[in-house]
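Residue numbering for the sequence shown follows this note's numbering, beginning at 1 and increasing consecutively.
For every residue, glycine included, the Cβ atom is placed at its ideal position computed from N, Cα and C.
Nothing here was measured: the structure is a model prediction, and the numbers come from that model.
Working notes for the structure below.
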Amino acid sequence: MERSKQKQMNQNENETDAAINGHFDGRVKVPGWSAGGAAGTPSTVPSSSVMESWREERTRSLEDNEMSLPSIAAAYTTILRGLGEDPQRQGLLKTPWRAATAMQFFTKGYQEKIIDVLNDAIFDEDHDEMVIVKDIDMFSMCEHHLVPIFGRVHIGYLPNKRVLGLSKLARIVEIYSRRLQVQERLTKQIAVAITEALQPAGVGVVIEATHMCMVMRGVQKMNSKTVTSTMLGVFREDPKTRDEFLSLIRS
Ligand SMILES: [Zn+2]
Numbered sequence: 001m002e003r004s005k006q007k008q009m010n011q012n013e014n015e016t017d018a019a020i021n022g023h024f025d026g027r028v029k030v031p032g033w034s035a036g037g038a039a040g041t042p043s044t045v046p047s048s049s050v051m052e053s054w055r056e057e058r059t060r061s062l063e064d065n066e067m068s069l070p071s072i073a074a075a076y077t078t079i080l081r082g083l084g085e086d087p088q089r090q091g092l093l094k095t096p097w098r099a100a101t102a103m104q105f106f107t108k109g110y111q112e113k114i115i116d117v118l119n120d121a122i123f124d125e126d127h128d129e130m131v132i133v134k135d136i137d138m139f140s141m142c143e144h145h146l147v148p149i150f151g152r153v154h155i156g157y158l159p160n161k162r163v164l165g166l167s168k169l170a171r172i173v174e175i176y177s178r179r180l181q182v183q184e185r186l187t188k189q190i191a192v193a194i195t196e197a198l199q200p201a202g203v204g205v206v207i208e209a210t211h212m213c214m215v216m217r218g219v220q221k222m223n224s225k226t227v228t229s230t231m232l233g234v235f236r237e238d239p240k241t242r243d244e245f246l247s248l249i250r251s
C-alpha cells in the first residue's frame, strides 16, 4: 500500500479558530492544558455553558428536506442537460429526484445535533486509562468537488472523571462526516467535540481517508491515502502518551 500523500498535523499551533464547531465563541480551557499559542490567556468555559451552546447548533430539518427536494432535483436536471445528456430518456427520468434524495442523505449530518448524541451518554467514572475506539468507518463529501471521501477514524482519549458511551464516539464521527468537509477540519471537529463534552486529560484523533477527487481525477493515484491527526492535551504534550495511542491504533 503506497501512501503518496501523508500529512501529520499536530493541531493547535497558532490556533485561532476556537469556534471551529460553531458551538461557542470562547476557548475551552482545561486546567493544566496550554491550549493556546505561547501568549494564550486562560479563559475557562464551564462545561455547563458549553453544553448550553450545543443546543443552538444550526441544523437542517426534515421539513427543510421536503421543501428543497424539488429545487435540488431541478438543479440536477440542469446538470444532466449541461453534460450533454437527455434528461427525458428513460434511464434518466427519475435520476434528478434520486440524486437529490441521495445528496440529502450524504449530508444528513446537518440534520443532527451533537447535544442529542451526548444526552444521557456522559458518565462519571474514575477510569483513568486510555480509551480507544479504532477503525470507525467514515463516509464524507469533499466540499471542493462534491465527491466522496471515505476511510477510517481512530479516536483515543484519557478520561478525567468523565467517560462517554463507546458507541457515541462513532455517532460523533457520523454527524460531522455527513456534511461537506475537508479532512483536516473533520479531524479537528471530532477532537474538539470530545474535548467539550468530557474535558478529558487529552484527546487524539487520526483519520486515514481516500479522496475520490484525487483518485478519479488529477493525480489518479488509486491507493493514495491522506492521513490527518489532531492531538490535544496530554496527547499533544506528552510523547509517551501520544506514542501509546499511535501504536495501539496500528496494532
Ligand atoms: Zn476534492
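Just the C-alpha distance for Asn-223 and Leu-186, rounded to the nearest angstrom, thanks. 21 Å
So is the beta-carbon of Met-222 under 8 Å away from any non-hydrogen atom of ligand 1? no
Express the C-alpha separation of Asp-86 and Asp-116 in angstroms, rounding to a whole number. 44 Å
DSSP three-state assignment for Val-117, whether helix, strand or coil: helix
Check whether Thr-107 and Tyr-76 have beta carbons under 9 Å apart: no
Any 3 or more C-beta pairs closer than 8 Å across the region 203-216 and the region 152-159: yes
Considering only heavy atoms of ligand 1, does any lie closer than 8 Å to the CB of Met-130? no
Taking a cut-off of 5 Å, which residues have a beta-carbon closer than that to any heavy atom of ligand 1, in chain order? Cys-142, His-144, His-145 and Cys-213
How is the beta strand (DSSP E) around Ala-102 delimited, first residue to last? Where Ala-102 is concerned, there is no enclosing beta strand (DSSP E), although the alpha helix (DSSP H) it sits in stretches over 95-106.
Could you tell me the boundaries of the beta strand (DSSP E) in which Val-182 lies? Here Val-182 belongs to no beta strand (DSSP E), and DSSP marks it neither H nor E.
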